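When you line the sequence shown up against this note's numbering, it's residues -3 to 115, in that order. Note that beta-carbon positions come from the ideal geometry of N, C-alpha and C, so glycine has one too. None of the values given here were measured: they were computed from a predicted structure.
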Amino acid sequence: MDLFDIFQQYKIEQNHLDARSKANNLNAKTVDNKVSIDELNSKIDNLSLVCMAMSELLEEVGFTKEAQLAKIEEIDLRDGKLDGKLHLLNVCSQCKRKSAPRHKNCLYCGTKISKSSVV
Ligand SMILES: [Zn+2]
């Protein structure tokens, strides 16, 4: 074996180790994602139960399914889009403008946004 062969062999070994390390990382991420999905499914199941209980209680006190659906639609439209999604917006206590919850400060005036200002 000449020096070039030794170098090539070294590079092949390095690539092999690198590939194995990346494969292990991907396996770990897959397990993490599976755990996250299981947790989310569990939360969805719990929220579904809570929603079902609330809906049945509301019907018992006179709020029909139609009234509940109308309320859901009204809340859905608060962000301007009827899309079945809830995009809560923060209202700045200073300038009263709305911004997405991911922003810690008002985009317009920089005031720190408190979590209680969600609409
Ligand atoms: Zn502001």
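Original post:
If you measure from each residue's Cβ to the nearest non-hydrogen atom of ligand 2, which ones come out under 5 Å, in chain order?
Top reply: You won't find ligand 2 in this model; what it holds is ligand 1.
**OP:** Hey, could you find the ends of the alpha helix (DSSP H) Thr60 is sitting in?
**Re:** Element bounds for Thr60: n/a, residue is neither H nor E.
**OP:** Use the C-beta contact count for Ala109: other C-beta atoms within 10 angstroms, 16 or more gives buried, fewer gives exposed.
**Re:** Inspection of the sequence shows that residue 109 is occupied by Ile rather than by Ala. So Ile109 counts as buried.
Subject >> Other residues of its chain near Asp72: CB distance less than 8 Å, five sequence neighbours each side excluded >> reply: Leu78, Asp79, Gly80, Lys81, Leu82
**OP:** Taking 9 Å as the cut-off, decide whether the C-beta atoms of Met(-3) and Gln10 are in contact.
**Re:** no
**OP:** Go to Tyr104, then tell me how far its alpha helix (DSSP H) extends in each direction, as first and last residue.
**Re:** Where Tyr104 is concerned, there is no enclosing alpha helix (DSSP H), given that its DSSP letter is neither H nor E.
**OP:** Please say whether Leu84 and Asp75 have beta carbons closer to each other than 9 Å?
**Re:** yes
Subject >> CB contact check: Leu22 to chain D, cutoff 9 Å >> reply: No chain D appears in this structure, which consists of one protein chain only.
**OP:** Helix, strand or coil for Leu78, going by three-state DSSP, please let me know.
**Re:** coil
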